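Notes to accompany the following structure.
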């Protein structure tokens with residue numbers, strides 16, 4: 002399948018890896034291929050492992066390798082023995098039909114007593130009997146005791162998300178297993194089918210992403226895993242701002258439900274923030290510093306400001322912007338609107354550290370309602386950049402439906418080359434605007450991998466030739482209305498794409514088609530005579546540190562409903 006995105010952002014590659022590393026350790030992400038039985042394939046797998054993990058092997062490094070696969074062990078041992086810093090006798094490996102505690106722990110204890118050097122523990126278990134045993138907590142405890150030094154590493158690999166999750170839970174159960182606080186690092190990965198991996202496996206990927214977030218929540222109390230700002234006292238309370246690298250997912254989802262009145266699944270959360278390992282900024286309430294009883298109470302998460310990276314094009318130059326989302330404050334704290342309150346601290350910290358010239362993201366955008374935007378503007382956080390309009394069309398008349406029916410068909414993953422061609426035909430007409438990239442990789446990730454998404458992707462053809470002239474993405478909004486979320490194609494065919502949306506909506510029993518879009522986007526559809534209404538949704542920019550950078554995009558955004566994370 003063709004994909005124009007850089008390899009690191011390829012959703013298929015992202016589906017093949019789950020990783021977590023300590024912030025202070027600079028190394029590449031882990032990528033593991035399927036566990037194999039043949040020694041030749043095992044050697045290839047081991048080479049890929051060493052190349053991708055890129056461990057910093059210091060003199061005296063001691064590797065423990067345990068597996069049910071003798072071929073894999075032999076190949077890895079041969080590779081490790083050839084690495085600089087690894088000398089004879091420092092690669093231990095054990096093979097057993099069934100690896101239990103009594104076969105693994107003696108090796109760990111013996112090596113720990115004899116060689117107190119930097120240690121790398123690699124557990125490979127095709128049948129996943131180690132993580133799933135009832136003695137897993139005791140196993141992990143023994144393992145972590147030998148990995149508390151700086152430079153130590155732990156790798157656990159398995160065939161299914163559940164078995165990797167079990168190993169992570171073992172770390173959580175072991176109270177003193179904070180090995181990461183000592184500068185060690187851990188990685189959890191799921192070995193995947195390399196050749197048989199399906200093009201889209203959204204549910205499996207989101208399970209792995211949830212596992213990653215679960216392990217990160219275990220590390221939330223690690224002082225090295227989050228950057229903190231000095232405490233700020235306001236209204237008799239003490240706030241503390243933390244980065245979301247070690248995000249406590251359960252607490253964040255509880256805050257989401259309290260703030261917005263409905264639940265968000267862990268899978269959807271992980272889909273939202275799939276492009277970043279730091280979803281946002283958290284604000285905790287540590288209680289009244291003058292109250293001695295507060296020291297016995299755990300801090301409460303009261304605010305969050307999220308950011309989702311998005312590749313955009315400005316003047317046909319590709320840059321990485323960030324889309325603001327899930328800006329939330331617990332209802333009990335919404336009345337505190339000072340410059341030292343939780344809302345201000347969450348947003349200002351995120352903007353000041355990540356958005357602007359010489360920052361990770363030169364631009365930001367989002368879709369807050371007017372009340373939220375006005376509050377942010379009063380606090381000096383937001384500036385007005387653009388607005389969202391509600392644009393509507395009636396559905397098509399019945400007697401013309403059969404004419405258009407033959408000129409449309411559902412798009413599939415195999416149509417990625419067509420999607421790429423349509424996006425390339427669209428780009429030259431967006432030279433003077435700011436627009437989110439709509440290449441096949443983004444289309445697949447946005448509409449085909451979103452959990453619980455029910456999107457209709459349609460290719461629209463011309464009656465004069467067999468090539469598609471555009472693509473539309475539809476989603477039922479209510480029993481009477483179909484939403485047009487996105488179009489891909491040049492503006493010359495925009496009227497035909499609207500007619501296609503009208504006909505498809507009529508065929509499915511809807512009475513109206515509506516779409517969210519900015520005024521710049523609307524210029525593409527003026528010939529279709531739409532009904533245009535104002536909304537209370539605005540597109541703000543960052544005013545922290547000045548609004549000059551954000552003002553470059555004022556009234557220039559080309560956005561539709563599909564650019565949001567919640568439609």
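Residue numbers (my numbering): 2 to 568.
Note that CB positions come from ideal geometry on N, CA and C, so glycine has one too.
Computed from a predicted structure; not experimentally measured.
Collapsing the DSSP output to three states places residue 352 in a helix. Here DSSP, grouped into helix, strand and coil, assigns residue 527 to helix.
In this chain, the beta strand (DSSP E) harbouring residue 471 covers 469 to 479. In the structure shown, residue 362 adopts extended strand secondary structure according to DSSP, grouped into three states. Taking the CA atoms as reference points, residue 492 sits about 12 Å from residue 529. Classified as buried, residue 519 has 16 or more neighbouring CB atoms from the shown chains inside 10 Å of its CB. The DSSP-derived three-state label of residue 439 is coil. Only buried fits residue 242, as 16 or more other CB atoms lie within 10 angstroms of its CB. Per DSSP, residue 301 lies in no alpha helix (DSSP H) segment; the continuous beta strand (DSSP E) that holds it begins and ends at 301 to 315. Contact annotation: residue 521 and residue 388 have beta-carbon atoms that are not nearer than 8 Å.
Contact between residue 539 and residue 523 is absent: CB atoms are separated by about 16 Å, not below the 8 Å threshold. Burial check for residue 368: the Cβ neighbour count within 10 Å reaches 16 or more, so the residue is buried.
If the five residues before and after residue 548 are omitted, its C-beta is found closer than 7 Å to the C-beta atoms of 384 and 542, all from its own chain and listed in chain order. Here residue 542 is bridged, per DSSP, to 384.
Excluding residues up to 5 positions away in sequence, 240, 284, 303, 304, 330, 334 and 337 lie with their Cβ nearer than 7 Å to the Cβ of residue 343 in the same chain. The residue among 287, 254 and 263 with its C-alpha nearest the C-alpha of residue 271 is 254. Residue environment for residue 446: buried (at least 16 other C-beta atoms within 10 angstroms of its C-beta).
DSSP places residue 552 within a helical segment (H, G or I) once states are collapsed to three.
Counting C-beta atoms within 10 angstroms of its own C-beta, residue 396 has 16 or more neighbours from the protein chains shown and is therefore classed as buried. By the neighbour-count criterion, in which a residue is buried when 16 or more other Cβ atoms sit within 10 angstroms of its Cβ, residue 418 is exposed. The segment 465 to 476 makes contact with the segment 485 to 501; the number of CB pairs closer than 8 Å reaches 3 or more. Put simply, of 476, 424 and 310 the residue whose alpha carbon is nearest the alpha carbon of residue 444 is 424. The Cβ atoms of residue 460 and residue 416 sit closer than 8 Å to each other. In the three-state reduction of the DSSP assignment, residue 262 falls in the coil class, being assigned neither a helical nor a strand state.
For residue 455, the closest of 249, 478, 374 and 273 by C-alpha to C-alpha distance is 478. In this structure, residue 392 sits away from residue 355, with a CB-CB distance that is not shorter than 8 Å.
With respect to residue 409, residue 566 sits apart: the two C-beta atoms are not nearer than 8 Å. Taking C-alpha positions only, residue 514 is separated from residue 508 by approximately 12 Å.
With fewer than 16 other Cβ atoms from the protein chains shown falling within 10 Å of its own Cβ, residue 258 counts as exposed. Here residue 246 carries a coil assignment [DSSP, helix/strand/coil]. The Cβ-Cβ distance between residue 438 and residue 317 does not fall below 8 Å. The beta carbon of residue 378 sits closer than 8 Å to those of 384, 385, 541 and 544, all from its chain and outside the five residues before and after it, given in chain order. Between residue 315 and residue 278, the C-beta spacing is not below 8 Å. Contact check for residue 414 against residue 535 fails: the beta carbons are separated by 8 Å or more. Secondary structure note for residue 375: its alpha helix (DSSP H) is the uninterrupted segment 371 to 379.
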